[in-house]
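There are 2 protein chains.
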Amino acid sequence: QREQWMRNITRCQKDHLSTKLISDKLPVDFVFSFTCLVCDHLLSDPVQSPCGHLFCRGCIIKYNHVLGPHCPGCNLPCAADDLSPPAKAFLSALHSLPLLCPQGECGEQVRLDSFKAHCLDHELGRHQGSRQPAELDGYLLANKGG
Amino acid sequence: QREQWMRNITRCQKDHLSTKLISDKLPVDFVFSFTCLVCDHLLSDPVQSPCGHLFCRGCIIKYNHVLGPHCPGCNLPCAADDLSPPAKAFLSALHSLPLLCPQGECGEQVRLDSFKAHCLDHELGRHQGSRQPAELDGYLLANKGG
Ligand SMILES: [Zn+2]
Ligand SMILES: [Zn+2]
Ligand SMILES: [Zn+2]
Ligand SMILES: [Zn+2]
Ligand SMILES: [Zn+2]
Ligand SMILES: [Zn+2]
Ligand SMILES: [Zn+2]
Ligand SMILES: [Zn+2]
Chain A
45 QREQWMRNIT RCQKDHLSTK LISDKLPVDF VFSFTCLVCD HLLSDPVQSP CGHLFCRGCI
105 IKYNHVLGPH CPGCNLPCAA DDLSPPAKAF LSALHSLPLL CPQGECGEQV RLDSFKAHCL
165 DHELGRHQGS RQPAELDGYL LANKGG
Chain B
45 QREQWMRNIT RCQKDHLSTK LISDKLPVDF VFSFTCLVCD HLLSDPVQSP CGHLFCRGCI
105 IKYNHVLGPH CPGCNLPCAA DDLSPPAKAF LSALHSLPLL CPQGECGEQV RLDSFKAHCL
165 DHELGRHQGS RQPAELDGYL LANKGG
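Protein chains in written order, with my numbering: chain A, 45 to 190; chain B, 45 to 190.
In structure tokens form, the structure reads like this:
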């Protein structure tokens, strides 16, 4: 699969969040607009190409290194120097995106910009219920500067 | 063209806003997620199908009437009874979408939920500069309850 092949390049499986955490009531095209075109995860530290496509900063750098300076979405030229931060209106929609907490008994909807803190609280036993699902271990570790 | 043919069904050209008003610095997939899949305008009174696609309420009703109860985006079943209001996180991103005021000398970025009032102010001579471009006449008329 293209997806698996690409993730062998990016190796981000443990650091990025799945788009399946996004509330499944949100419109599909809206959810897609927050998805990295390289790794298919929820965008992490997003950057924008001149053609208007989005990727995690780490993903597009690795992609360009292996496959050359073009956009994974539309194949137009796209080198590291062409990348810019997305507009504030986009970032504020991203940061307020509601995620479903995957902790078994929790079920809370948490904004993306509060999600790490919420998950760490589970790990430290500050919420009801036990530890995080193992999938989140890498994500939380990265947050603790580990 | 499909686009022209569809707009002969919806007849919304004068009532809806062009997606070209959206700041062209925003990511293309993000802009697309605010576009009606029937008329290609900026969504007006959006409703969501069970498959997660979005349309102006008026557009999907006219579309279903002429072409039958299926989704214009993916062809899955979609009747008037299946439509629901989009989630709040989506609506708040839509309402805060920055539009570029098309009034010649203005050039301000205005949130979608302030846009009608801003344009009416131009028409009433409350801002610098003269009247609105003629394209907005129908849109403003609808707002005044005309
Ligand atoms: Zn990733
Ligand atoms: Zn990525
Ligand atoms: Zn592109
Ligand atoms: Zn939780
Ligand atoms: Zn329209
Ligand atoms: Zn429409
Ligand atoms: Zn659909
Ligand atoms: Zn203006």
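For each residue, glycine too, the CB sits at the ideal point set by N, CA and C. These figures come from a predicted structure and were not determined experimentally.
{"Check": "Limits of the unbroken beta strand (DSSP E) element including VAL72 (chain A)", "Outcome": "Where VAL72 (chain A) is concerned, there is no enclosing beta strand (DSSP E), although the alpha helix (DSSP H) it sits in stretches over 72–76."}
{"Check": "Runs of beta strand (DSSP E) lying entirely within the stretch 101–170 of chain B, each at least 3 residues, in chain order", "Outcome": "142–144, 153–155"}
{"Check": "Pairwise C-alpha distance: THR63 (chain B) and LYS36 (chain A)", "Outcome": "Nothing about residue 36 (chain A) can be reported from this structure: the residues present for chain A run from 45 to 190 only."}
{"Check": "Selection of the stretch 66–90 of chain A by Cβ proximity to chain B, strictly under 7 Å", "Outcome": "SER67, LYS69, LEU70, PRO71, VAL72, ASP73, PHE74, PHE76, SER77"}
{"Check": "HIS139 (chain B) at chain A interface by Cβ criterion, 8 Å", "Outcome": "no"}
{"Check": "Rounded separation between GLY169 (chain A) and CYS163 (chain A) - CA only", "Outcome": "10 Å"}
{"Check": "Neighbourhood of HIS114 (chain B) by C-beta distance below 7 Å, restricted to the same chain and skipping five residues each side", "Outcome": "LEU120, PRO121, CYS122"}
{"Check": "Bounding residues of the alpha helix (DSSP H) (the contiguous stretch that carries GLN48 (chain A))", "Outcome": "46–54"}
{"Check": "Residues bridged to PRO90 (chain A) (per DSSP)", "Outcome": "A:CYS100"}
{"Check": "CYS122 (chain B) CB to nearest heavy atom of ligand 6 below 7 Å", "Outcome": "no"}
{"Check": "Spatial distance of HIS97 (chain A) from ILE53 (chain B) (CA atoms)", "Outcome": "32 Å"}
{"Check": "Sequence-distant residues of the same chain with beta carbon closer than 7 Å to GLY190 (chain A), five excluded per side", "Outcome": "Here the model assigns GLY190 (chain A) a pLDDT of 38, short of 50, so the residue's position is not dependable, and the following value carries that caveat. Once the five neighbours on either side are set aside, GLY190 (chain A) has no close Cβ partner at all."}
{"Check": "CB of HIS60 (chain A) within 8 Å of CB of CYS100 (chain A), strictly", "Outcome": "yes"}
{"Check": "Neighbouring residues (CB closer than 5 Å to any heavy atom of ligand 6)", "Outcome": "B:CYS80, B:VAL82, B:CYS83, B:CYS100, B:CYS103"}
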